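Single-structure report; data block below.
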Amino acid sequence: MATRLHIPAPPSRPGERPDYSNIQLPKAGELARPEPLIDAAEIRELPFSMIRVLDEGHQAIGPWNPGLDTGILKEGLRHMLLTRLFDDRMLKAQRQGLLTFYVKSTGEEAVSVAQCLALRPDDMLFPTYRQQALLITRGIKPVDMMCQCLSNSRDNLEGRQLPVLYSWKEVNFFSISGNVGTQFPQAVGWAMAASYKGENSIAASWVGEGSSAESDFHSALTFGSVYRAPVILNIVNNQWAISTSQNIAGGEQNPFAAKAIGYGIPGLRVDGNDFLAAYAATRWAAERARQGGGPTLIELYTYRAAAHSTSDDPSRYRPEDEWECWPLGDPIERLKGHLISMQAWSEAEHQELEKELAQHVIDSWQEALSYGTMSDGPQAPTAAMFEQVFKELPPHLIKQREQAGL
Amino acid sequence: MATRLHIPAPPSRPGERPDYSNIQLPKAGELARPEPLIDAAEIRELPFSMIRVLDEGHQAIGPWNPGLDTGILKEGLRHMLLTRLFDDRMLKAQRQGLLTFYVKSTGEEAVSVAQCLALRPDDMLFPTYRQQALLITRGIKPVDMMCQCLSNSRDNLEGRQLPVLYSWKEVNFFSISGNVGTQFPQAVGWAMAASYKGENSIAASWVGEGSSAESDFHSALTFGSVYRAPVILNIVNNQWAISTSQNIAGGEQNPFAAKAIGYGIPGLRVDGNDFLAAYAATRWAAERARQGGGPTLIELYTYRAAAHSTSDDPSRYRPEDEWECWPLGDPIERLKGHLISMQAWSEAEHQELEKELAQHVIDSWQEALSYGTMSDGPQAPTAAMFEQVFKELPPHLIKQREQAGL
Amino acid sequence: MAQMNMIQALNSAMDVMLERDPNMLIFGEDVGYFGGVFRCTEGLQEKYGEQRVFDTPISEGGIVATAIGMGVNGLRPVVEIQFSDYIYPAFDQVVSELARLRYRSAGQYWAPVTIRTPCGGGIHGGQTHSQSPEAIFAHVSGIKTVMPSNPYDAKGLLISAIEDDDPVVFFEPKRLYNGPFDGDTDKVAGGWNRHEKGEVPTGYYTIPIGQAAIVQAGSALSILGYGTMVHVAVAAARRAGVDAEVIDVRSMMPLDIDTIAVSVKKTGRCVIVHEATRTCGYGAELSAQVQEECFWHLEAPIQRVCGWDTPYPHAQEWAYFPGQERVIAAMHEVLAVSG
Amino acid sequence: MAQMNMIQALNSAMDVMLERDPNMLIFGEDVGYFGGVFRCTEGLQEKYGEQRVFDTPISEGGIVATAIGMGVNGLRPVVEIQFSDYIYPAFDQVVSELARLRYRSAGQYWAPVTIRTPCGGGIHGGQTHSQSPEAIFAHVSGIKTVMPSNPYDAKGLLISAIEDDDPVVFFEPKRLYNGPFDGDTDKVAGGWNRHEKGEVPTGYYTIPIGQAAIVQAGSALSILGYGTMVHVAVAAARRAGVDAEVIDVRSMMPLDIDTIAVSVKKTGRCVIVHEATRTCGYGAELSAQVQEECFWHLEAPIQRVCGWDTPYPHAQEWAYFPGQERVIAAMHEVLAVSG
Ligand SMILES: Cc1ncc(C[n+]2csc(CCOP(=O)(O)OP(=O)(O)O)c2C)c(N)n1
Ligand SMILES: Cc1ncc(C[n+]2csc(CCOP(=O)(O)OP(=O)(O)O)c2C)c(N)n1
Ligand SMILES: [Mg+2]
Ligand SMILES: [Mg+2]
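Chains as they are written, first to last, in this note's numbering: chain A, 1123 to 1528; chain B, 1123 to 1528; chain C, 2 to 340; chain D, 2 to 340.
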């Protein structure tokens, strides 16, 4: 019998009803939490389940409940909300022609915020273009991020980079590459250096589920596992890679977290829209890494609610209402619900916070504009174009800079 | 507590006693044999065991016993023996300065011979430089292989390639690359084309355990699993990659076959010095592939008995007597023992065969030399250098050929 | 004949070939259901089915490697690398395998793969959506390298590339997809509909690989370029009032040095333009060959106008892009001197 | 001073730097316990421990990527790519990351990585152990590219490369490891002990990156080359009795065009030699720049003597290698004409 080329399909296409019947969700609180230094061989079934802490009624339950105090929960909520409002404003700015490009992280805010809070400030972050919330969480001001997006006179990258390809050394946030996946093995190298130097900060990196098909994924897992590098390797499975569903990346066969097994390291699969679960899994992996247990692969199961980028039109390839039907809900609503269920928060307080942050975004935007836009000055300096190619300008670049009249 | 860079060590180094106490060998015949079309999710523990058919007393036992008739067993023995003698002669030729380079497959002959016999002649082979026995098994005459190694007037590659980087289209043996690992995803593409065309020949490819760290490994597994390509992907774990032990490639953490799990395909780990086990595992994977079940990853556990190549000196990095202590023995001795135990073979017959094949190799070598060597003519044509860069010579190569006086 | 922009012309080429050759198939990131991020494969999956036009994992190395395997098994794969900036993960498969297979197997095996990939800047894409790596590929023995500058050539060259039994890296200057661009950013961008090369036959035709085109005849000097820079050169010459002969190189490997040499021997002066960085860019090869062929006819040093030797910056795009002004300055330079 | 071959000189450079800089470390395939397939790192693991000198998985991409991460974290990694033919799997990490990091982060991050890699033919290594891909790297903005031609330069340049805060691809002409090779395959190969550049200081010293060296002064013509070809050029000039000025380019990026221009302006004639394939090889850039700088002084067309535009064949190695005869023919050609 002859075979036929198997082409994996997404759960649904435009015009169809969103169908997530394939997703098997274990109940919150069900999964056991092993000790962080457990032998990876003993937890090979973990990737096939899912770490979930918040139940339907917004209660935090089970052994993975990190038992966070309301202070940190409120902080997380604040960062997530600010990220969402920031993203909305930037999208608008792009539509207005003030930004050449933008990428939202809507629906995935818990990933970056919870994971960032579970790490130490000296832990080094190797993100993708969809981890802007890491910067927000580490205290970078929206106005400064806006300036980068505007390539204006205050752009810390001096106009060299596309909007959102941030770099912020002050907060240990690595320069984002336009080439997907490259940061994964770099994070491993960074972590190896930490081991070498006897320091105990760790590295964390993120790739999209689509990008996990790149070769750098294999390098990262191989080197990480061979040298037991203190690193957390995260796959953000937001179901889509531009127009292709996670099935085209191999998600039809298996959870992405299961890739850990082959390398003999733990693989955790986490409800990525569950702030507490994302926090707890990261904490577990960080503890393991810091104690010499080596890398952990974490798959954060979430949904890319917005378009891939401002260059994309998702209505061409997926049902418009897919997100509304997404079984893991909205991470902000869920954390809010949890805080309310704890009687530590109220609808009124939430509205108040939303208003405050919306104003903060508006003010930041006004301030950012005052530092210029790419089309109207003041802009990033033109001569910056020749600088930082090398540490010092070699003769041929001095000559070219002169030819450019700069 | 700060970590330290973990550098995996080999089991033993020169001057030490070979130590294989880390190797857990299940008994022959113990492992169950699932149906070839079983859901991969149900056999996730398979890679952590080992398929073994021949027991200590050379009896074939258990469900993986392929029940081969003695004809095919004798054929296999013959090919293995011929390969070993061929390798020995070529090594000598290299030492005599007649070959620029050579690579032996000593100790691993069962891998290629058994696997090749378990495939159909129309199945396409994408080998490494250590699969010369595939050619022997598919009937290529030693003299023709020798001519390639000598780059002489009968070299089918006309002097273009290093010795042993064979290519033999007549027997569906792909051109061997000098860059390790590249053939793995190419085999997947070949298999995808077979599916596309509705043909039911399959592809098989091999990489060394060391080379499984290359990015092409990940491409192959990803594309193979996503499109369910009819392909068998083999990792020959011969414990060494030049001077680095399998631990440097990740073998310390896990069997290489376990890499299959992450891609949702079956992973089989096989006693690679057990002719029957290698045959049976390949047969299982071929059946699965041909019936639309997609790829299988097979790890063939064996030992590289000789130097990496004629450029290598293994006494610098491993105990000289490691092979003698290798717990899985010599594949030729084991198949011979099995045939004898079946009363289908005898020491006398074996000696007779050895003598016959030794003479065959001597005769072949004499014949090959009569077609020239690289240092003394007749050689491969010099003008061949400019041909086959493109299908037809473009103007600049016509010009360069003239400049070269050819 | 029909009005087409470059995207439509490329789409039409693939449509024609899918129709003619059942062994041709198309794959790459987002090229299937979606029709490609630049929409070059729009409608093709719907028309020919997902066995023939399909999406792949994000693995450029895997895309090229599987294409090689398919090519060896009798198919004729056309793959898209979403941006040429992302071709590097496939570099080993291109250089060590695709380019070398025929040679190392003495012609037993080959893979007639076409790699389509958008290149060049001018779209504010920053350093990873703007590169022009053609020189790197032209240096590799065993692959052909082409870049069209208009819809008509794009379709004809792409059909040639697909039919070619040698591998071809087919660069698409993305700034030209929707209309010609002459470097003038103040002007409202027009479409291909007002350009004669926007008239494209709907059926099968080819433009041979390895032939340059004389875009406009002239006697004062020769400008050699390809892709977007052809339009910049034409506009610069017009603006400067220089009677330039503008040659669209079109095929970097093999190069039509004869057409070029005839021109430079006639004009005695030569300006080479490209967007790629200067050092070891394809302009170096052009300069070297022109010098070798036309030394005794040259009346002034050959000038190169190229991207600066820096990554392609985002905000400083127009200071980086080798626009009309720089081409004009170079023309003046080669005209100023007399030998 | 001590007698060293190039392997020993490279080893000594690394030894000196491991001693001086606790943040320097070495890794790559087989470089640890074994000391490298060419033995360049012999004894270093034993001396400095396996935390500082260690083996890696066979993954060139992983080697460069982890080196970048380490560089960002304050270390100074020196990695070996076993053959430059095997650098392509790391190409994306080199081009898109290592070369671009400083720029794209506006100087926040950089990785002072040195990539050592043996290149060139002449050892009957066939097409995957003989390549010279230097032009490809010189085209990439953000990395420096060097190639020494003798033990003294090898050590001094390697120390400079390691100390450089910019990434350096350090090509080692493997045919020169054990002794100078002038292209004469009939002669018994001699060692470095009879060569003045085989005398190497045992301690620390540097040779600045970006400076060419005049190997021998002359007035009839200038020969520009690097690596193995320097020795071929000197021998060819001697054999032909031509009073050639031979320049060892040494550093491809940045290029010391001044030294070269002074020479060509003096001699008026120029032959460029390299082992890499001709089209888009580094010779094209040299030719273009010499033409740009020295146009009015040139009395004959610049000639390039390069590897043919084919993969490096195994048996036909000496027909492929640009040996003395071809260099002599080119010298005669540039000398035959007078302008
Ligand atoms: C090497 C490389 N190939 C292709 C691209 C183009 N590209 C940018 S984002 C993207 C999709 C990535 O999807 P995923 O990894 O799932 O991340 P997500 O966008 O969903 O966060 C692609 C194909 C790229 N940037 N780099
Ligand atoms: C891309 C690439 N990197 C490095 C090498 C050099 N090299 C040749 S064989 C080899 C070791 C391979 O070991 P393994 O894969 O275990 O195969 P084995 O030799 O044991 O059969 C190495 C590093 C190569 N040929 N290609
Ligand atoms: Mg995604
Ligand atoms: Mg091995």
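Beta carbons are placed, not taken as given, at the ideal position from N, Cα and C, and that holds for glycine. Here the structure is a predicted model, which is why all the values come from computation and not from measurement.
Burial state of residue i, where buried means 16 or more other Cβ atoms lie within 10 Å
i, result
"H333(D)", "exposed"
"M1123(B)", "Since pLDDT at M1123(B) reaches only 44, below the 50 mark, its modelled position is unreliable, and the value read off the structure follows with that caveat. Exposed is the call here."
"Y1131(A)", "The residue you asked about is not Tyr; residue 1131(A) is Ala in the sequence shown. That one is exposed."
"W297(D)", "exposed"
"S133(C)", "buried"
"N1144(B)", "exposed"
"N194(C)", "exposed"
"R270(C)", "buried"
"L1247(B)", "buried"
"L1159(A)", "exposed"
"I27(D)", "buried"
First and last residue of the uninterrupted alpha helix (DSSP H) at residue i
i, result
"Q1308(A)", "Q1305 to K1319"
"A1490(B)", "E1469 to S1492"
"S1463(A)", "P1453 to S1463"
"M254(D)", "M254(D) -> not in any alpha helix (DSSP H); beta strand (DSSP E) instead, spanning S252 to M254."
"R21(C)", "M7 to R21"
"G1193(B)", "T1192 to R1217"
Terminal residues of the beta strand (DSSP E) in which residue i lies
i, result
"P1517(A)", "From DSSP, P1517(A) is part of no beta strand (DSSP E) but of the alpha helix (DSSP H) over P1517 to Q1525."
"W1328(B)", "A1325 to G1330"
"Q212(D)", "Element bounds for Q212(D): n/a, residue is neither H nor E."
"L26(C)", "M25 to G29"
"E81(C)", "R77 to E81"
"F55(C)", "V54 to D56"
"G1179(B)", "Per DSSP, G1179(B) belongs to no beta strand (DSSP E) and is neither H nor E."
"C1447(B)", "Where C1447(B) is concerned, there is no enclosing beta strand (DSSP E), although the alpha helix (DSSP H) it sits in stretches over E1444 to C1447."
Cβ-Cβ distance between residue i and residue j below 8 Å
i, j, result
"F1295(B)", "R1260(B)", "yes"
"S1(C)", "T268(D)", "Only positions 2 to 340 of chain C appear in the structure, and residue 1(C) is not among them; the question remains open."
"Y1349(B)", "I1129(A)", "yes"
"F35(D)", "R1438(B)", "yes"
"V1329(A)", "E1230(A)", "no"
beta-carbon residue i near ligand 5 non-hydrogen atom, thresh 7 Å
i, result
"A1363(A)", "Ligand 5 is absent from the structure shown, which contains only ligand 1, ligand 2, ligand 3 and ligand 4."
Considering only residues of the stretch 121-204 of chain D, which uninterrupted beta strand (DSSP E) runs meet the minimum length of 3 residues and lie entirely inside it, listed in chain order? Runs of the beta strand (DSSP E) lying entirely within the stretch 121-204 of chain D, each at least 3 residues long, are 145-147 and 169-174 in chain order.
Which residues, taken in chain order from the stretch 307-337 of chain D, show a beta carbon closer than 7 Å to some beta carbon of chain C? Result list: D310, T311 and P312.
For the stretch 1224-1266 of chain A, list the beta strand (DSSP E) runs that are entirely contained and at least 3 residues long, ordered along the chain. Taking only runs of at least 3 residues, the beta strand (DSSP E) segments lying wholly in the stretch 1224-1266 of chain A are 1246-1248.
Contact set between the stretch 1136-1152 of chain A and chain D, restricted to residues whose Cβ is under 9 Å from the partner: Of all residues in the stretch 1136-1152 of chain A, none has a Cβ within less than 9 Å of some Cβ in chain D.
At 3 residues or longer, what runs of the beta strand (DSSP E) sit wholly inside the stretch 1404-1433 of chain B? Counting only runs of at least 3 residues, the stretch 1404-1433 of chain B fully encloses the following beta strand (DSSP E) elements, listed from N- to C-terminal order: 1418-1423.
As an exercise, report each continuous beta strand (DSSP E) stretch of at least 3 residues that is fully enclosed by the stretch 1338-1392 of chain A, in chain order. The qualifying runs are 1353-1359.
Would you list, in chain order, the members of the stretch 129-150 of chain C that have their beta-carbon closer than 9 Å to a beta-carbon of chain A? If the cut-off is 9 Å between Cβ atoms, the stretch 129-150 of chain C has T129 and H130 near chain A.
Could you pull out every unbroken beta strand (DSSP E) segment of at least 3 residues lying fully inside the stretch 225-287 of chain C, listed in chain order? Along the stretch 225-287 of chain C, the beta strand (DSSP E) occurs as fully enclosed runs of 3 or more residues at 245-249, 252-254 and 271-278, listed in sequence order.
Chain B contacts made by the stretch 86-102 of chain C, where a contact means CB separation under 7 Å: If the cut-off is 7 Å between Cβ atoms, the stretch 86-102 of chain C has D93, Q94, S97, E98 and L102 near chain B.
Contacting positions in the stretch 31-49 of chain C - beta carbon closer than 7 Å to chain A: Cβ contacts with chain A: D31, Y34, F35 and V38.
Name, going along the chain, the residues of the stretch 1490-1502 of chain A whose beta-carbon falls closer than 7 Å to a beta-carbon of chain C. Answer in chain order: M1496, Q1501 and A1502.
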